[in-house]
Amino acid sequence: MVNDTLKPQRMDCSLVTDSDVQYELQIIKSPDDITTWLRYYWHKETELDQLFVLRRACYRLKRSYKLWVMYLDLRVDVCKRLNSVEHKQEYIKVNDEFEKALELLQKMPLLWVKYLEFLLLQPDVTLIRRKFNEALRTLPLTQHHWIWPLFIQFADEVGGVTGALIYKRYLTFAPEKLEDVLEKLVEFNDIDGSLELFTKIINDESFVSQHGKSPLDLWLECLELLSNVKNPTHKHDTRVETFIRDGLQKFPDQQGKLYVRLATYFLKHKDYTRAITIFDEGIHTVLTIRDFTMIYDAYTELLESLVTRSMTTIEMLESAGRDTSQETSLLDFRLGKFERLMDDRPFLLDDVKIRQSPNVVENWIHKASLYQDLSMILQTYVQAITKIDPRQATSVYEDNGDLDTARTILDKAVNVSYNDVDELVHVWIHWSELELRQDDLEMAIKLWSFYLDLVESSGDVQKTCEVYDTVFELKIATPLTVVNYANFLEDNNRFEDAFKRHLKLERMRDLFDHALIGCPPDMAKTIYILYSKLEEDSGSVQRCVKLLEQVFEILLQKTLTHFGAPSTRSIYTRALETLPPTKSINFVLKFAQTEKQLHEYSRVRAILQHGAMLQSPSKSQQLWDWWSQFEVENGDKDTYKDMLRWKRKANDEFSTEFNTESLGFIKSTDGPKVSSINASEEQPVENPDAIDLDI
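Counting from 1, one number per residue, gives the positions in the sequence shown under full-length UniProt numbering.
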């Protein structure tokens, strides 16, 4: 047992034996030599004697971390054998020794850990909490990881408000432990803190649960917490209802479950009127049979239980001889509501189908057939007329191959008196588009002609031009349509649009450039080809070739997007056949790269061999560099040698052509003609002394 003899101001000479004299003399001689103190310590055999030496050593060598740890470990071992309640003073003495050590070595995290572990053996919660806080304040943030595991252990043991506060503070140190902290706050019944974290998680769209929970799982856990609050106030009721209604928007596929949960919440607190109102809302709102069935079953079960309860209450009142009029009225109300709910089930189911697909005419007809009352039948048809969108309705029938019904609906729709003429216009356009999809050009032309007359009579020139342009884009214009469009433009002084006249080259280029601005890539092919033809006819071959390159680029991009890489082969082949050799190298490389992605290595080599003979290797260095890298990655020694043979062949071919032309000072007639391609469009007069060399 530790006693007062260990106080530093006293030295119990009775603990010094004859065998200790030599060590005492050495200490007198070298009091600051730690080795001397350790030898003395190892010489002692009992714990009391060892503590006597170590304590003196610590108070002499005050900043010796090693001595303090040895001393405190030994004191803790001795004290741990004692009951912390019965021997509270002994524990306090060890606490004091830790405090003295930390005054000198406060930045040593292991010393703090030992002290806190010792404190956890004691029942003083306030002292423990304060010392943990002191440790976190004293140590730098980089050493807090030594403290938090013990602090969390303490939080789990103490629980309640203190435990919740510790976990919320822990979240600032380890924000990735958000879900773990949330579970603890729920366990400690910290409602406000839990809801705060739930709200943070639910509103964070980027949050990913480390426990594999879906957003719905987390949301339902939060709802469970809200629903289990004891003695809720009106404010809390509003909070729960708002939360669930937000969930109805956030999780539309869970509407049945959420309506039942909301009604159940009010049932738990015996607010039957509010629960019935929510059930009524649910069965008139949900969009699926599954959700309807879930609500309907819960609703009927509630009404049945309320009817049974009222009947039981009436029996009790009658047996006691008390007035039953009030309870009888309540029974009549509940029984009537229950019977109406049972009788209305077919109508309610039809309402769900109509809300789900309001443009399906059969749903309305079936609902009307359920009524016997003429006024209800008429009311149903009036609702159908006001809610059915003819365009959507006909799409349903068109998708199912019932074109006759679709045309019948549209025929009736165009005869309705609309409040806005644009609504009628949309119906006519939709009808014409339906006929075009069915390849009934005659009917489509008829419909568009009627629409054109309608728009032209409105006097809106811009709108009329847009409709005419649409007719041309749909390729349903007749000669009469062309003449009418030209006459319309002429009447409105838009002569340049009305007549095809000879325009200057610069004006034609402006028109083509304007046409290409904003034009969808899949519709620009024709414009590019016409544009290139214009440049070719005007002698600007270089601009012509550039436009053709753009055409092939667009074709390749669209073909790759919609049909995949194999379908681009025909486009690449046409490009290599159409473009001059000097413009083909880029397409050769792209073609080869495409085949490489498809692992068609023999095709890659065939394409590269074709490209090798298009022009001198000195001008197509990029091709040879790519070919070399390709063989290194995918070939072998033989294929690499074959690549070198092709390079020598190309060098011989083009060096021979060059020498022939240079010596004779003539234009080559055997090789590719590149003079027109390389000629600048800025040169109006050709130099008769020029030599066309592809170098």
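Every residue, glycine too, gets a C-beta built ideally from N, C-alpha and C.
Among the options, the one whose alpha carbon lies nearest that of residue i
i	options	result
S194	F591, F173, V161 and F266	V161
V125	I147, V158 and W112	V158
D332	M316, L303, L348 and F347	L303
D61	Y41, K80 and W37	Note that residue 61 corresponds to Leu in the displayed sequence, not to Asp. Taking only the C-alpha atoms, the option nearest L61 is W37.
T142	R130, M70, Q153 and F173	F173
C79	L111, L119 and G212	L119
I147	Y65, E631, W112 and S84	W112
N651	P617, K641, Y265 and E327	P617
E99	I276, L72 and D77	L72
F188	D156, K200 and L171	D156
D291	L317, T277, L349 and R245	L349
residue 699	N83, P123 and H144	Outside the displayed range of the chain (1 to 695) lies residue 699, so it cannot be described from this structure.
F52	M70, D343, L576 and R63	M70
N228	M316, K257, E176 and K268	K268
S84	K114, R63, P123 and E47	P123
D96	S457, A486 and K131	K131
E339	D460, E301 and N133	E301
L218	L197, K230, E595 and K235	L197
E631	E183, K463, R605 and Q621	R605
E47	L335, D20, D77 and R274	D77
Span separating the alpha-carbon of residue i from that of residue j
i	j	result
D33	P109	26 angstroms
D323	V307	18 angstroms
L589	K637	22 angstroms
I283	K337	14 angstroms
K465	L489	Residue 465 is actually Cys in this sequence, not Lys. In a straight line, the C-alpha of C465 is about 8 angstroms away from that of L489.
K93	R75	10 angstroms
N484	L370	54 angstroms
R471	F552	Checking the displayed sequence, the identity of residue 471 turns out to be Val instead of Arg. In a straight line, the C-alpha of V471 is about 28 angstroms away from that of F552.
E86	F154	22 angstroms
D271	L116	52 angstroms
P232	T138	43 angstroms
Q593	K619	20 angstroms
R569	E653	28 angstroms
Q255	R169	37 angstroms
S655	E633	30 angstroms
G564	L165	59 angstroms
F587	Y468	39 angstroms
E600	I554	24 angstroms
C58	L25	18 angstroms
S30	A101	23 angstroms
Y40	V16	11 angstroms
Q50	L171	44 angstroms
K576	I585	Here residue 576 is Leu; the residue named in the question, Lys, does not match the sequence. The alpha-carbon atoms of L576 and I585 are separated by roughly 9 angstroms.
S567	T559	7 angstroms
residue 698	I244	Any question about residue 698 goes unanswered here, given that the chain covers just 1 to 695.
S662	L598	Low confidence applies to S662: its pLDDT is 37, below 50, so where it sits in the model is not reliable, and the reading given next is rough at best. About 44 angstroms.
M376	H211	54 angstroms
R81	L258	58 angstroms
Q609	F207	54 angstroms
Y265	V455	59 angstroms
V352	T293	11 angstroms
I27	E90	29 angstroms
Y296	L223	22 angstroms
Integer Cβ distance of residue i from residue j, believed to fall under 8 angstroms
i	j	result
W68	L105	6 angstroms
M643	W627	5 angstroms
S214	E179	Not a contact, Cβ separation roughly 13 angstroms.
L225	I191	7 angstroms
E241	L216	At roughly 19 angstroms, the Cβ-Cβ gap does not stay under 8 angstroms, so E241 and L216 are not in contact.
Y65	H43	Incorrect: roughly 22 angstroms between the Cβ atoms, too far for contact.
W624	K647	6 angstroms
The ligand SAH heavy atom lying under 7 angstroms from the CB of residue i
i	result
T573	Although the ligand SAH was asked about, the structure shown includes no ligands whatsoever.
Item to check | At least three beta-carbon pairs within less than 8 angstroms, the segment 342 to 356 to the segment 285 to 292 | outcome: yes
Checklist entry - Where in the segment 186 to 259 do unbroken runs of the beta strand (DSSP E), each at least 3 residues long, occur, reported from the N-terminal end onward? => result none
Item to check | Any alpha helix (DSSP H) of 4 or more consecutive residues that is wholly inside the segment 119 to 199 | outcome: 125 to 138, 148 to 158, 160 to 173 and 178 to 187
Next on the checklist: Across the segment 248 to 266 and the segment 307 to 316, are there enough close Cβ pairs to call them in contact, namely three or more that are closer than 8 angstroms?
Outcome noted: no
Next on the checklist: I'd like to know if the segment 575 to 595 and the segment 609 to 617 are in contact, where contact means that at least 3 CB-CB pairs between them fall below 8 angstroms.
Outcome noted: yes
Item to check | Runs of alpha helix (DSSP H) lying entirely within the segment 44 to 84, each at least 4 residues, in chain order | outcome: 47 to 60 and 65 to 79
Next on the checklist: I'd like the ranges of any alpha helix (DSSP H) spanning at least 4 consecutive residues and lying wholly in the segment 278 to 338.
Outcome noted: 289 to 319
Item to check | Whole alpha helix (DSSP H) elements within the segment 616 to 664, 4-residue minimum | outcome: 621 to 634 and 637 to 664
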